[in-house]
Every structure is written in structure tokens, then in C-alpha cells.
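J.: In the numbering used here, the protein residues as written are 5 to 292.
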């Protein structure tokens, strides 16, 4: 049975989560033409087209998966890991099975760790949350990194949120619950905003931050960490994550405009075409 919190407001807003040290990154869209996947777009061209800016920040959490790799049945998930019970509802089982079918083993393990880390952080603070809703959101949160669900231009968070929405509508999940999952996925790299939302949204940002960058790892007991890593090993997660980030930067560079992934592209890819915030500011069509 799920522990429900239907108020729509987060308990994190008045807790230490509300002033999270995860960092922030705004999720915005560019009006730059990306119909050709960004290929051939120079920084000068992008500036000339007056690319829009939403806001700047640092990332909290990302995952990885380049290609799908079928795995064992989702029903094989452990019932409990590190004292956290994994939901066993039909929707939770179908969701886990779907993610295993479309994702690499590395990605699947990451999203499971995301749920477990997020749950532990909330449980230690006595924060109430809907465990099924949080599990579904965590399990689906990185679909945008799976090649089959990438669009030519959208940010990967939006691709993932849209793919999750389609899947959950097929499962006849109520629209208001689908909307929570969409927000959780779309905002999971923007912990500063996610932490002010309802717990299930904040959990995905917090849990993925722990796994991606070690943020707040000190709050996870060492024995719990060992059990989580034994149940869902990292299996080369760091290199896979880097490879996936670079793949996004190569194939649809303008989707990382004003996104922390752009810094990875600038470091590793010669003539990376995406302008910086300073470039955009100075190119604004005003006299001063």
C-alpha cells in the first residue's frame, strides 16, 4: 500500500531540502532551428538567430543508456533493499519490466538506485510520499537517454517525460498522477526547483543526484550503500554517462543550449557550436 501525499505541495520547501545544495539548472527551450540535428550550425550562426535564454545553473543528476538491451523479468526485483521496500503493484511491475526491456543494464540499475537513494533520504527525515508514484517516476526518469526515445531537438529530460507520459497513458494511469511523473522527470536535473515541489518530484532529483555526483551521499549509511550497490551494481556507470552526454552533444547540440551538458561538449568536442550565456547576452540586438 502506498503512503499517500495528495496535497500537491512538498514538505521539502520548509526543510533542508528546500535550500538544497544540489545546485540548479533551468529547463528551457531554444528557438534555434535544429531541424538538421544541429550539424553545421556555428556559434556565430546560432547567435545570429537570436537564441533565447531561460536561465543558467548546474546539473544535479543524469543517467546513461546508449542502446537497449533486454534483461531478466522485472518480477525478479528484490522485495526490499537497504530497508526500502520496492512497490509490488501491477503498475510498478509493468513499469520495471518496460524499463528493463528498453534500457541497458547500466541504466536500469541507475534508475533503481535513484529510487532507493531518494527513499532513504526521505525516510530518514520522516517525509511521507506515495511510494508507487515515486518508484514509477524514478524508473522512467531517464528514458530520454535511450536512443529510441530521443527527438531531434528537445532536451533529454523533456524527451523522457514525454515518453513516460505515453507509456503511463497506455497503462491507464490517472491523468493527475501522470502529470506528477512528467514534472518529476522534466525537473530531475533542476534540484533547486524540484526540491520545492511535492515529495515524489523531489525524490527523483535527490536520488539521481546521489548516484550521479555523490551529492548527499554522506547521508546514506555505509551498510545501506553497500546493499544498494550489491543489488544494483554501477557497472561502468561513469564512462557510460560520459559517452551518452557526448552523444547528445554530437547529435543534437542545440538541445544542450544553457544546459550543463554543454560544458562537457565544449571540453571534448572541437568546434562545439553551442554558444555560452555570455555569447548570448553580448549578441542581444540592443545598442548597449
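Ideal placement from N, C-alpha and C gives every residue a C-beta, glycine not left out. Just so we're clear, the structure is a prediction, and the values are computed from it rather than from any experiment.
State buried or exposed for residue 286, treating a residue as buried only when at least 16 other CB atoms are found within 10 Å of its CB.
T.: Exposed: under 16 other Cβ atoms inside 10 Å.
J.: Using only the alpha-carbon positions, how far apart do residue 313 and residue 186 sit?
T.: The shown model of the chain, from 5 to 292, leaves out residue 313, and the question about it has no answer.
J.: Have a look at residue 152 and residue 239 and give me their C-alpha separation to the nearest angstrom.
T.: Roughly 22 Å separates the two Cα atoms.
J.: Hey, is the stretch 212-230 in contact with the stretch 172-183, meaning 3+ C-beta pairs nearer than 8 Å?
T.: Too few Cβ pairs lie closer than 8 Å, so no.
J.: In the DSSP assignment, find the unbroken alpha helix (DSSP H) run with residue 189 in it and report its ends.
T.: Its alpha helix (DSSP H) spans residues 179-190.
J.: If the criterion is Cβ atoms closer than 8 Å, does the pair residue 92 and residue 211 meet it?
T.: Cβ distance not < 8 Å, so residue 92 and residue 211 don't count as in contact.
J.: Is residue 216 buried or exposed, if buried means 16 or more other CB atoms sit within 10 Å of its CB?
T.: Residue 216 is buried by the Cβ-count criterion.
J.: Where does residue 89 sit, in a helix, a strand or coil, going by DSSP?
T.: Residue state, collapsed to three classes: strand.
J.: Can you tell me where the alpha helix (DSSP H) holding residue 193 begins and where it ends?
T.: Where residue 193 is concerned, there is no enclosing alpha helix (DSSP H), given that its DSSP letter is neither H nor E.
J.: Can you tell me whether residue 132 is buried or exposed? The criterion is at least 16 other CB atoms within 10 Å of its CB, across all chains shown.
T.: It counts as exposed.
J.: Mind checking whether residue 81 and residue 95 have CB atoms under 8 Å apart?
T.: The answer is no: Cβ separation not under 8 Å.
J.: Just the Cα atoms here: how many angstroms apart are residue 255 and residue 162?
T.: Cα to Cα, the separation comes out at about 16 Å.
J.: Using 8 Å as the cut-off, can you tell me whether the stretch 108-124 makes contact with the stretch 139-156, which would need three or more C-beta pairs spanning the two stretches below that distance?
T.: Because the criterion of three Cβ pairs below 8 Å is met, the stretch 108-124 and the stretch 139-156 touch.
J.: How many whole angstroms separate the CB atoms of residue 195 and residue 213, which I take to be in contact at a CB cut-off of 8 Å?
T.: Going by Cβ atoms, the distance from residue 195 to residue 213 rounds to 6 Å, so yes, they are a contact pair.
J.: DSSP state of residue 84, grouped into three classes?
T.: Correct three-state label for residue 84: strand.
J.: Take residue 241 as the anchor and find which of 218, 103, 263 has the nearest alpha-carbon.
T.: The option with the nearest alpha carbon to residue 241 is 218.
J.: Take residue 269 and list the residues in its own chain whose beta-carbon comes closer than 6 Å to its own, dropping the five residues that flank it on each side.
T.: Same-chain partners within the cutoff: 253, 276.
J.: Within 10 angstroms of its Cβ, does residue 179 collect 16 or more other Cβ (buried), or is it exposed?
T.: It counts as exposed.
J.: Could you work out which residue in 106, 111, 120 is closest to residue 84 when comparing CA atoms only?
T.: Considering only alpha carbons, the answer is 120.
J.: Which of the three DSSP states, helix, strand or coil, is assigned to residue 262?
T.: The answer is coil: DSSP assigns residue 262 none of H, G, I, E or B.
J.: Could you give the distance in angstroms between the alpha-carbon of residue 164 and the alpha-carbon of residue 207?
T.: Taking the straight line joining both Cα atoms gives about 17 Å.
J.: Relative to the C-alpha of residue 259, which residue among 99, 281, 157, 125 is closest?
T.: Of the listed residues, the one whose Cα sits closest to residue 259 is 157.
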